[in-house]
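All letters in the sequence shown, in the order written, are residues 13 to 238 by our numbering. Virtual Cβ for every residue (Gly too), placed ideally from N, Cα, C. Report on one structure; see the data block that follows.
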Amino acid sequence: MKRQHPTDPNLFWCPRCKTYKAREEFFKKKTSKWGLAGMCKACASMANRKYRENNPEKKKEANRKYRENNLEKKKERNRKYRENNPEKVKERNRKYRENNPEKVKEANRKYRENNPEKVKERNRKYRENNPEKVKEANRKYRENNPEKAKERYRKYRENDLEKAKERGRKYAERLTDRCITDRLKQGNLPVTPEFIKLKRQQITMKRTLKQIKQWRKENESNYTDV
């Protein structure tokens, strides 16, 4: 059977499926007479799949050698694929994490150990760009792991007492609902919107009086009591 169709120059013979097919259905091969591979794409894919199934170790070794000899090409190809198929890559990664949780955990651990500065910088940027997500994640973690959260904070205070004090001071200054709630719980008071509002007003008033007293003390020589 002739390789090229006798009447249609765009059709070429595939010896495996014994059919004439269009040029586009063949892989390119510069060294061949017509610039095409011998089998059509469908047959070539099927043959490669069967070869991989029957020779897993040989295929694995061939892939390893190819990666070693074409590292930059493979990186560039993977980069382009990720750019052109973000949803497919995302879904594939999600399935891999679900099916291989231990492998993912170990890989992440090794990466953190080998790249502490990169991890630190990446986490810092994430916190800056996603403050609400970080806040919600921390809240859920404290709710689900109260003992671990307490122990982690205890170690943090032991290792850096000054930072812990400064952090606590700033936290108290903000008078958030959580901060007020903590104070109400310490005083065994009911945690309701009304009590939170009253407690916030009380703390604000005490702070204002303290500032006035401090101001009077600093300006005692110039202050005349009426």
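| field | Buried versus exposed call for Ile208 [16 or more other C-beta atoms within 10 Å across all chains shown] | value | Taking the first residue of the sequence shown as position 1, residue 208 is located at position 196. By the beta-carbon neighbour count (other beta carbons within 10 angstroms, threshold 16), Ile208 is buried.
| said: By the three-class DSSP mapping on this structure, what secondary structure does Val238 have? | reply: By 1-based counting over the sequence shown, the position of residue 238 is 226. Low confidence applies to Val238: its pLDDT is 46, below 50, so where it sits in the model is not reliable, and the reading given next is rough at best. Looking at Val238 - three-state DSSP - the assignment turns out to be coil, as it is neither helix nor strand.
| field | For Lys100, the first and last residue of its enclosing beta strand (DSSP E) | value | Translated into positions along the sequence shown, residue 100 becomes position 88. It is not in any beta strand (DSSP E) - Lys100 instead sits in the alpha helix (DSSP H) that spans Pro98 to Asn111.
| Gly180 (DSSP reduced to helix, strand or coil) | Walking along the sequence shown from the start, residue 180 turns up at place 168. Residue state, collapsed to three classes: helix.
| Ranges of the alpha helix (DSSP H) found wholly within the segment 156 to 219, counting only runs of at least 4 | 158 to 171, 173 to 186 and 189 to 198
| Short check: CB of Leu116 to CB of Arg124, under 8 Å? | The residue you call residue 116 lines up with position 104 of the sequence shown. The residue you call residue 124 lines up with position 112 of the sequence shown. For the record, residue 116 in the displayed sequence is Val; it is not Leu. With respect to Arg124, Val116 sits apart: the two C-beta atoms are not nearer than 8 Å.
| task | Compute the distance between the beta-carbons of Lys222 and Ile192, then report whether it is under 8 Å. | result | Along the sequence shown, read from residue 1 onward, the residue named residue 222 stands at position 210. Along the sequence shown, read from residue 1 onward, the residue named residue 192 stands at position 180. For Lys222 and Ile192, no; Cβs fall outside 8 Å.
| said: I need the boundaries of the beta strand (DSSP E) containing Lys41, first residue and last residue. | reply: The count along the sequence shown starts at 1 and reaches residue 41 at position 29. Secondary structure note for Lys41: it is in no beta strand (DSSP E), with a DSSP letter that is neither H nor E.
| message | Check for me: the alpha helix (DSSP H) holding Lys72 runs from which residue to which? | response | Taking the sequence shown and counting its residues from 1, one reaches residue 72 at position 60. From DSSP, the alpha helix (DSSP H) with Lys72 extends over Pro68 to Asn81.
| said: Just to confirm my understanding: we take Asn97, look at its own chain, exclude 5 residues before and 5 after, and list those with CB closer than 6 Å. What are they? | reply: In the sequence shown, the residue the question calls residue 97 occupies position 85. Excluding sequence neighbours, Asn97 sits near nothing in its chain.
| field | Assigned secondary structure, Lys33 (DSSP; H/G/I helix, E/B strand, else coil) | value | Position 21 of the sequence shown, counting from 1, holds the residue named residue 33. It is a strand residue.
| Glu95 to Val101 span [Cα, whole Å] | Taking the first residue of the sequence shown as position 1, residue 95 is located at position 83. Taking the first residue of the sequence shown as position 1, residue 101 is located at position 89. In a straight line, the C-alpha of Glu95 is about 9 Å away from that of Val101.
| message | On the DSSP letters alone, give me the boundaries of the alpha helix (DSSP H) that Glu129 sits inside. | response | Taking the first residue of the sequence shown as 1, we reach residue 129 at position 117. Membership of Glu129 in the alpha helix (DSSP H) is indicated by the continuous run Pro128 to Asn141.
| query | Just reading off the beta strand (DSSP E) that Trp46 is part of, what are its end residues? | reply | Numbered from its first residue, the sequence shown carries residue 46 at position 34. Where Trp46 is concerned, there is no enclosing beta strand (DSSP E), given that its DSSP letter is neither H nor E.
| message | Let me check one thing: in DSSP terms, what residues is Trp25 bridge-paired to? | response | Position 13 of the sequence shown, counted from the start, is the residue given in the question as residue 25. According to DSSP, Trp25 bridges with Tyr32.
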